[in-house]
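Participant:
Protein chains: 6
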Amino acid sequence: MSQLRRDPSQAAELLIEALPYIRRFAGSIMVVKYGGNALAGGDEAAALAAFAQDIVLLQAVGIHPVVVHGGGPQIGEVLAKVGKVSEFKDGQRVTDAETLDVVRMVLIGKVNSDIVAALNVHGPVAVGLSGVDANLIVADVRAGDLGFVGDVIDVNPNIIERLVAEDIIPVVATVGSDVDGQAYNINADAVAGAIAAALHAEKLIFLTDVQGLRANPDDPNSVMAQVSVAMIDDMVASGAASGGMIPKVEACAAAVRGGVTRAHILDGRVAHALLVELFTDGGVGTMVLA
Amino acid sequence: MSQLRRDPSQAAELLIEALPYIRRFAGSIMVVKYGGNALAGGDEAAALAAFAQDIVLLQAVGIHPVVVHGGGPQIGEVLAKVGKVSEFKDGQRVTDAETLDVVRMVLIGKVNSDIVAALNVHGPVAVGLSGVDANLIVADVRAGDLGFVGDVIDVNPNIIERLVAEDIIPVVATVGSDVDGQAYNINADAVAGAIAAALHAEKLIFLTDVQGLRANPDDPNSVMAQVSVAMIDDMVASGAASGGMIPKVEACAAAVRGGVTRAHILDGRVAHALLVELFTDGGVGTMVLA
Amino acid sequence: MSQLRRDPSQAAELLIEALPYIRRFAGSIMVVKYGGNALAGGDEAAALAAFAQDIVLLQAVGIHPVVVHGGGPQIGEVLAKVGKVSEFKDGQRVTDAETLDVVRMVLIGKVNSDIVAALNVHGPVAVGLSGVDANLIVADVRAGDLGFVGDVIDVNPNIIERLVAEDIIPVVATVGSDVDGQAYNINADAVAGAIAAALHAEKLIFLTDVQGLRANPDDPNSVMAQVSVAMIDDMVASGAASGGMIPKVEACAAAVRGGVTRAHILDGRVAHALLVELFTDGGVGTMVLA
Amino acid sequence: MSQLRRDPSQAAELLIEALPYIRRFAGSIMVVKYGGNALAGGDEAAALAAFAQDIVLLQAVGIHPVVVHGGGPQIGEVLAKVGKVSEFKDGQRVTDAETLDVVRMVLIGKVNSDIVAALNVHGPVAVGLSGVDANLIVADVRAGDLGFVGDVIDVNPNIIERLVAEDIIPVVATVGSDVDGQAYNINADAVAGAIAAALHAEKLIFLTDVQGLRANPDDPNSVMAQVSVAMIDDMVASGAASGGMIPKVEACAAAVRGGVTRAHILDGRVAHALLVELFTDGGVGTMVLA
Amino acid sequence: MSQLRRDPSQAAELLIEALPYIRRFAGSIMVVKYGGNALAGGDEAAALAAFAQDIVLLQAVGIHPVVVHGGGPQIGEVLAKVGKVSEFKDGQRVTDAETLDVVRMVLIGKVNSDIVAALNVHGPVAVGLSGVDANLIVADVRAGDLGFVGDVIDVNPNIIERLVAEDIIPVVATVGSDVDGQAYNINADAVAGAIAAALHAEKLIFLTDVQGLRANPDDPNSVMAQVSVAMIDDMVASGAASGGMIPKVEACAAAVRGGVTRAHILDGRVAHALLVELFTDGGVGTMVLA
Amino acid sequence: MSQLRRDPSQAAELLIEALPYIRRFAGSIMVVKYGGNALAGGDEAAALAAFAQDIVLLQAVGIHPVVVHGGGPQIGEVLAKVGKVSEFKDGQRVTDAETLDVVRMVLIGKVNSDIVAALNVHGPVAVGLSGVDANLIVADVRAGDLGFVGDVIDVNPNIIERLVAEDIIPVVATVGSDVDGQAYNINADAVAGAIAAALHAEKLIFLTDVQGLRANPDDPNSVMAQVSVAMIDDMVASGAASGGMIPKVEACAAAVRGGVTRAHILDGRVAHALLVELFTDGGVGTMVLA
């Protein structure tokens, strides 16, 4: 029994703050990109369970969460196990047929299934999807002799909309396929942005392992509370945004330009950052708006 | 900006506590008896506005509140103004035709309309009803030459159910009528209990000006956290429950026996006691259960 | 057993005349303004019962009646009883807070409730409303230091439409409120016209204590069978329409201009004038058309 | 302009009498057996037009009329024209294949089509059926070497119910067929009774060329206002009911026993007898009840 | 047990061919004109039974067949039987009132009823209609003193659409009527075309006693597999299409111009030509397209 | 153009045979167990494409196919690739955590995804599921120290029913999980039977690499056309059914006992055996019935 309950007026104050957010977001779709790196080092299972609890609570109060995930570290582990050494071009892993099979198996057969299982401990609430299901993610090969590396060229959100209408939480593995059924390895951040736009989601939220977008990449105290899509363009052009942050901010910008109201980059290592961001006046991380 | 927001983990803790209650109560009907005495002395308008805010927040998160009210003090004021002196029998006011007119005018034309107006500042959410509307409360004369004092003999909850289905908050003035259209003055607590039972409400909540039911009427430290309907019978029989508390506990017991899951006697003078009771683990006041 | 039944051919003739009107009006909304003055002096209860019977019969054959009422004489009685003497400006009663309380209590708590009770003797068919319910009548203060005298600035007919869709007869007391919940005393004829227009009613019918609109106010034989809205403008300008007839004809004209097909001024003292007007070829009173 | 309209109170009196019947019968099914003999000698077309007007008026006020007809006289005419002489056994016409073809062609292709056409002058309201349509009337051969004379063994009212649900008036020619598609000549009165029972009709009404059922067949002043099904059994057994009246009263009795509320034998020669019977307190003809 | 079943690969091949047609046509309306002449001489009952089987199979796989028929030979037989000799003008039979009665009785009371009965051997699937029902076929008199010979001036397909929505097969006798209910004798081919166009049917199919449309009327080997509406115009103008083929090809052209996708002239003497045409790649007869 | 089309009567004969099956099966659910061994040696991709075509054709004519699959050979390949050597107990592979990961990745991430992709070449018709999705397959550990080898203890068919209601083809990978989210390796044949029973499927069909169930395992000419569930019990007990055939016949028997109308064991190596079995009188393989 926490100290909080001994001060009902403080509880009342927070409820009066939170209830209007709950009302406002009821019925809206929120795309949450869950990155393996959001898991603070150490207890991966506990982090996944906490994440699943937050997602199920969103669902409980009428929000329709859609989870999108990648799985870079886990793919690396299995490639190592089968003794596959990847070639790299311009910093990108060349994906041959054997590598692609590993990517598919790990993303769909392991990471996706693990997240679905963590959610379904709370009841039959989640269903896993990959971009192959009902042709959700249509991809095409990327130029540059990278093998089966692809780019999103279309999203058919119908299957997600149907599941959401049935109060099911879709969990999406970011593998896509072309019209002949050929699968491709695709950047998960880009997929999250494209799906959020196709669904006209209320929010796109990246759970990452950083505090937010920094004005100065080298200064941990320069995290920005909010940023416009135009500023993002400038920061990418100037190099102020760099590395793994680039696909995230570009996906945020694309989603907002595509009709998503707000995009957020949150620190997934902070317990329940998702709930605090959504239901209190105090924001955490960086908000992207038009 | 309160201190609370500076400690997101405390906010997260309360949200994780509150969200399951919000889920559990979504779609359920809660009958709230609002007594004039619940208003802490002094600023009546502010107290009404705070009450209205709580009710609208319940509505916002999918609960269907039904407000029932009396208006004893206000009736007394107008009777005094028209110079009407009431006769009393066995402690009950004899209600002649002129008095009945005042009762109806004050309850329906003033108190009910004031509550509806306070709710509708938030939008067109509330509609006032009296027991005459769609024959909601069917009454018959009470024995004992008390004039137009009546007892509830039937409740037709259909009009409340229709309004609730349209997401409207019914506010009920406790005047009833018999099959010939003759109106009666009825005890408001009894009406609240009968309506809660007829609606198979999830909860019946009395907002009063006491902390709860005392095991010993004279000991303010003897407030009981919960009580069974059987214990209520004993306490009424033994005199442990007395005065204005009798109709409240009897209405609670009748409602619970009629199918209401829980009844509560709360201290309406505590700001937002309704929210704290419903959405946190820490209860306030007395809970009545089977 | 009347003479009529001995001549079936006469009954058949009337039925053949009436049935097409019944078909034509089925499903349409008719706003009936019921004025206390429509009650022929003497037996008020009998007049109300006869009115209630007609309204319930309209409902029975598929028409959706909406009753709007004022209550001038009854307000005067109560003001006298509490010893309140009103100030008048330009022939209008100045409405201070105490007077407004009386207006609300009498209109909502007495006249409205009496009409609803008279209708509900026939079953749970009617529900009372005031302009405060679901913000039905939005008012604002009228210029001229008249206190809480207001004018209709908007009508939100949604609550009436919902009740009508549930086959309930709304009975409207003509009190309005502004966005802060402040109540106002409003002219009942104007409210009836505004509601009829907002509902796109088939008809607006005033039940009055005169035979109809006279071409010459002083000549009882000059009652006009029909009149256009343009003629009404002229008659108001020229003084041919005067006194209490002015708000009625202006409300008729406003309603017809706002989309109501026909407005009628009938003599409410004639038994069942409503039925004869609606269901036979022979009209009574004055019809207003575009 | 009739005298009636000059006395509005008389019109009001009849309306108050008629409207409750209209309410009571709205939505109910009434099977009307229309016999060629109901047509007063002379102007057949005018009689049919008047009948059609009544049926369309019933439809207009929410009743679902179902018309059933025979066509004895018209069949006789065509048989004469083709020079076919019928054999009779026990007073019944033996129906060979050639006669059956004439029966079908006259009932379906002429009488039925004439009635449908008379109704559809008022709009696209009626559709003709025979017992062959959707296997409405399942028949089997009657014993006694009468050829293709059959008896009703089952009614599939589904097609009538569907048309009625679409606000269409079914007009039924009383030809039936067996499971192999073989047609039969069937007594029209029996069909009307069986259809009324299968539809759980509110009423079964025979429009005939007599005033009603007589207690004494020879005494025109002995028409009975009402009769029970038990009395009908007695009258058939005793011979008090005889000739063409037998199938009518037996069909009435069977229908009432099968769940029809009331059956009526009316004088179809009286103009609009149907309307007067249904919508006024004064009945005409004989009412059959349980 | 046929040879076919011993070669499953051949059955599989045909199924793979047929199933996509079944999918494509599911839910679509097909108007089938059934001419008496389509019946190969000899066993009329067997031919009708085979036709009924095909129509019921179409219905079984989700197609909505609408049958339209004439009945020239049967009309001639009855006219002969009643000794009626027709006058002819320009090769057309003058239709006086007596002849019209025969036309109506034969088409509606005999041919239509026979087809409905043959279909309903399979269950209660079919309902007969004539153009008089629900004013399906509105006609007007044709110029030229031909008596009650009429032309289609409008089609009200509503009753067909309602029956089709209830999974009932309408069978239409080609008699029409004008607004006063006067019936007319109309060309059945023209009616079929007009109904197909009004229904926006997928196909209009004529089952005839010829192999198809010949390029050279005298050369049985010149049957055309397909023809455009423009070519039809030319062939009618040049006389290449002649005699009874003219109304058929003109109805086909009118239907295609009115929105029907394809029209077909098939040889009804070939067993199950309808199934082979619809469900295999190999067509039979002549297809008309835009 | 095949020979078949030159003989329309043969095509007609097959259509008349097939169409009633299509009607009968429309709207029914059929569970098809697709075993890797059903693929004839050689061209796996072509066999999968042919299977996908058949399934999509079933869907096209209104059947709801549900595909269930295993993936033994493919699991073996990947285990070999990672150098994992399995321990066996009583002929069963002991499944440790590492092996389980491979099983999940291959079944869900490779075989399931390949089947879904092959179906979705025809449009967005299929969605992959595993037993973890919406808790479809609830499993528990099997006794005997076999590691993560489990048995089906419950099926929640809700997610399949929802997808089927949306005209989507579910493809199920036979991995299950317990209430804590722990995954298990389960026999695919048993899952297929349990799902068919839970869905009250019309049919359960095993596509295998044998001709059917043999009365004598060693006699290829002893394939039984049909077998009862009681006979299956005997054959399992006597050893007449043995090896990989045991789980198949036991799943068939369990499904039929659980309410499935018919179960079938077909030779998946015969092209389009599924279509021939379902839509012609000639069966292939063995049919299991009660």
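Residue numbers (our numbering), protein chains in the order written: chain A, 12 to 301; chain B, 12 to 301; chain C, 12 to 301; chain D, 12 to 301; chain E, 12 to 301; chain F, 12 to 301.
Here a beta-carbon is modelled for each residue, glycine too, at the ideal position from N, C-alpha and C.
Keep in mind it's a predicted model, so treat the numbers as computed, not measured.
(1) Measuring CB to CB, does A301 of chain E end up less than 8 Å from V202 of chain E?
(2) So what does F217 of chain A bridge to, in DSSP terms?
(3) At what residues does the alpha helix (DSSP H) containing M246 of chain B begin and finish?
(4) Any idea which residues DSSP pairs R104 of chain E with across the strands?
(5) Decide if N146 of chain E is buried, meaning its Cβ has at least 16 other Cβ atoms within 10 Å, or exposed.
(6) For a quick check, are the C-beta atoms of A194 of chain C and F159 of chain C less than 8 Å apart?
(7) Tell whether a beta-carbon distance below 8 Å holds between V42 of chain F and V77 of chain F.
(8) On the criterion of 16 or more Cβ atoms from any shown chain inside 10 Å, does N232 of chain B qualify as buried, or is it exposed?
(9) With a cut-off of 8 Å, does the C-beta of G223 of chain E fall near any C-beta of chain F?
(10) Identify the continuous beta strand (DSSP E) that holds V152 of chain F and give its terminal residues.
(11) Pair every Cβ in the segment 256–273 of chain F with every Cβ in the segment 283–296 of chain E, then say whether three or more of these pairs are closer than 8 Å.
(12) I want to verify the contact list: residues of chain C whose CB lies under 7 Å from the CB of R34 of chain D, in sequence order.
(13) With 8 Å as the threshold, decide whether the Cβ of A51 of chain E is near any Cβ in chain F.
(14) Look up V297 of chain F in the DSSP assignment and give the residues it is bridged to.
(15) Excluding five sequence neighbours on each side, which residues of the same chain lie with their C-beta closer than 7 Å to the C-beta of S253 of chain B?
(16) Using a Cβ-Cβ distance cut-off of 8 Å, determine whether A184 of chain F contacts chain E.
(17) Using a C-beta cutoff of 8 Å, does H133 of chain A count as contacting chain B?
(18) Can you tell me the Cα-Cα spacing of K95 of chain A and D144 of chain A, whole angstroms?
(19) Reducing DSSP to helix, strand and coil, say where G192 of chain C ends up.
(20) What is the DSSP secondary structure of C112 of chain B, counted as helix, strand or coil?
(21) Quick check on the DSSP output: the alpha helix (DSSP H) that includes S124 of chain E runs from which residue to which?
(22) Could you check if K100 of chain C is buried or exposed, using at least 16 other CB atoms within 10 Å of its CB as the buried criterion?
(23) Which of the residues in the segment 282–297 of chain E, read from start to end, lie with their CB under 7 Å from any CB of chain F?
(24) Using a C-beta to C-beta distance shorter than 7 Å, which residues of chain C count as neighbours of S97 of chain B?
(25) Are any of the Cβ atoms in chain E nearer than 8 Å to that of A301 of chain F?
(26) Once you ignore the five residues that flank G82 of chain B on each side, which residues in its own chain have a CB closer than 7 Å to its CB?
(27) Assess contact between the segment 210–220 of chain C and the segment 265–279 of chain C, defined as three or more Cβ pairs (one per stretch) separated by less than 8 Å. Is contact present?
(28) Does the segment 171–181 of chain D come into contact with the segment 65–79 of chain D, if we say contact requires no fewer than three beta-carbon pairs (one atom in each stretch) closer than 8 Å?
(29) Please classify S39 of chain E: does DSSP put it in a helix, a strand, or coil?
(30) Please report whether the beta-carbon of D101 of chain F lies at a distance below 8 Å from any beta-carbon of chain A.
(31) Where does the unbroken alpha helix (DSSP H) through P258 of chain A begin, and where does it stop?
(32) For L224 of chain B, which of helix, strand or coil comes out of DSSP?
(33) My understanding is that V105 of chain F touches L25 of chain F, with C-beta atoms under 8 Å, so please give their C-beta distance in whole angstroms.
(34) Kindly say whether P76 of chain E, judged by its beta-carbon, lies nearer than 8 Å to any beta-carbon of chain F.
(35) When you compare each of A:V166, A:P135, A:A22 to R173 of chain F by their alpha carbons, which one comes out closest?
(36) Show which residues of chain D have a CB atom less than 8 Å away from the CB atom of A57 of chain C.
Facilitator: The relevant details are as follows:
(1) No, they are not a contact pair.
(2) DSSP output for F217 of chain A lists A:K44, A:I276 as bridge partner(s).
(3) Element bounds for M246 of chain B: 240–249.
(4) The bridge partners DSSP lists for R104 of chain E are E:F99.
(5) Buried, because 16 or more other Cβ atoms sit within 10 Å of the Cβ of N146 of chain E.
(6) Yes, the pair counts as a contact, with Cβ atoms nearer than the cut-off.
(7) Yes. Within cutoff.
(8) Exposed is the call here.
(9) With a threshold of 8 Å between beta carbons, G223 of chain E makes no contact with chain F.
(10) 148–152 is the extent of the beta strand (DSSP E) around V152 of chain F.
(11) Taking a cut-off of 8 Å on C-beta distances, the segment 256–273 of chain F does not touch the segment 283–296 of chain E, as fewer than three cross pairs fall below it.
(12) Near R34 of chain D (Cβ distances below 7 Å), the residues of chain C are A71, V72.
(13) Residue placement at A51 of chain E cannot be trusted, given a pLDDT of 42 that sits under 50; the coordinates are not used to answer.
(14) In the sequence on display, residue 297 of chain F carries Thr and not Val. Residue pairing for T297 of chain F: DSSP places it in a beta bridge opposite F:I276.
(15) Once the five neighbours on either side are set aside, the close Cβ partners of S253 of chain B are P228.
(16) It does not; no Cβ of chain E falls within 8 Å.
(17) False, the Cβ-Cβ gap to chain B never drops below 8 Å.
(18) Between K95 of chain A and D144 of chain A, the C-alpha separation is close to 28 Å.
(19) If DSSP states are grouped into helix, strand and coil, G192 of chain C belongs with coil.
(20) The displayed chain sequence assigns Asp, not Cys, to residue 112 of chain B. It is helical.
(21) Note, S124 of chain E: alpha helix (DSSP H), 124–131.
(22) Flag for K100 of chain C reads exposed.
(23) Cβ contacts with chain F come from A282, H283, L286, V287, F290, T291, D292, G293, V295.
(24) What S97 of chain B touches in chain C: nothing, since even the nearest Cβ is about 16 Å away.
(25) Answer no: the Cβ-Cβ gap between A301 of chain F and chain E never drops below 8 Å.
(26) G47, V117, L118, V122.
(27) Result yes; three or more Cβ-Cβ pairs closer than 8 Å.
(28) By the Cβ criterion, the segment 171–181 of chain D is in contact with the segment 65–79 of chain D, since at least three pairs of Cβ atoms, one from each stretch, lie closer than 8 Å.
(29) DSSP places S39 of chain E in coil when its eight states are reduced to three.
(30) Not one chain A Cβ lies under 8 Å of D101 of chain F.
(31) First-last of the alpha helix (DSSP H) with P258 of chain A: 256–268.
(32) Residue state for L224 of chain B is assigned as coil, using DSSP reduced to three classes.
(33) Contact flag wrong, Cβ pair sits at about 51 Å.
(34) For P76 of chain E, no CB of chain F lies under 8 Å from its own CB, so it is not counted at the interface with that chain.
(35) Of A:V166, A:P135, A:A22, the residue nearest in Cα terms is A:P135.
(36) Listed by position along chain D, the residues whose Cβ is nearer than 8 Å to that of A57 of chain C form an empty set, because the closest Cβ is around 15 Å away.
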